[in-house]
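Enquirer:
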Amino acid sequence: DDEVVLAELGKETLEPLGYKVTATSSAIEALNAFKADPSAYDLIITDQTMPEMTGDVLAKNALLLRADIPVIICTGHSAALNAKKAQAIGVKALLMKPLNSAELGTEIRKILNASM
36 DDEVVLAELG KETLEPLGYK VTATSSAIEA LNAFKADPSA YDLIITDQTM
86 PEMTGDVLAK NALLLRADIP VIICTGHSAA LNAKKAQAIG VKALLMKPLN
136 SAELGTEIRK ILNASM
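Listed below in structure tokens is the structure:
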């Protein structure tokens, strides 16, 4: 998420569920971290609306580096992206904000189980 508070909140929500989380408020920073070691990540969760790179562009770039990386895009609204377009890119889920921790946790587990 481009809001530092929301990125940290996501981290605080997921770590108690047993996930190791790298949180950043910059899509470019996230992509650079992924480029540095694509095998270190099991899943990418991104906001669609980011200032320097949208979530769908981040997803496309990550999938070029590692075609099997599951990606979840979260959005409050997006005229540019819908579930069909997200699926065509290779995104595993498009979740609408606001999210609750149970919903997010369930979706993550479903996606990770399917990718095993």
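In our numbering, the protein residues as written are 36 to 151.
For every residue, glycine included, the Cβ atom is placed at its ideal position computed from N, Cα and C.
Would you please state the rounded distance, in angstroms, between the beta carbons of residue 106 and residue 63? I believe it to be under 8 Å.
Expert: Working through the sequence shown from its first residue, we reach residue 106 at position 71. Working through the sequence shown from its first residue, we reach residue 63 at position 28. Rounded, the Cβ-Cβ distance is 16 Å, inconsistent with contact.
Enquirer: Among 116, 38 and 45, which has the Cα closest to the Cα of residue 135?
Expert: Taking the first residue of the sequence shown as position 1, residue 135 is located at position 100. It is 45 whose Cα lies nearest to the Cα of residue 135.
Enquirer: Who are the Cβ neighbours of residue 90 in its own chain at under 6 Å, not counting the five residues just before and after it?
Expert: Translated into the one-based positions of the sequence shown, residue 90 becomes position 55. So the qualifying residues of the chain are 81, 82, 83 and 108.
Enquirer: Nearest-angstrom Cα distance between residue 148 and residue 77?
Expert: Within the sequence shown, numbered from 1, the residue matching residue 148 stands at position 113. Within the sequence shown, numbered from 1, the residue matching residue 77 stands at position 42. Taking the straight line joining both Cα atoms gives about 11 Å.
Enquirer: Would you kindly work out how many angstroms separate the C-alpha atoms of residue 142 and residue 128, rounded to a whole number?
Expert: On the sequence shown, residue 142 is found 107 positions in, with the first residue counted as 1. On the sequence shown, residue 128 is found 93 positions in, with the first residue counted as 1. The straight-line gap from Cα to Cα measures roughly 8 Å.
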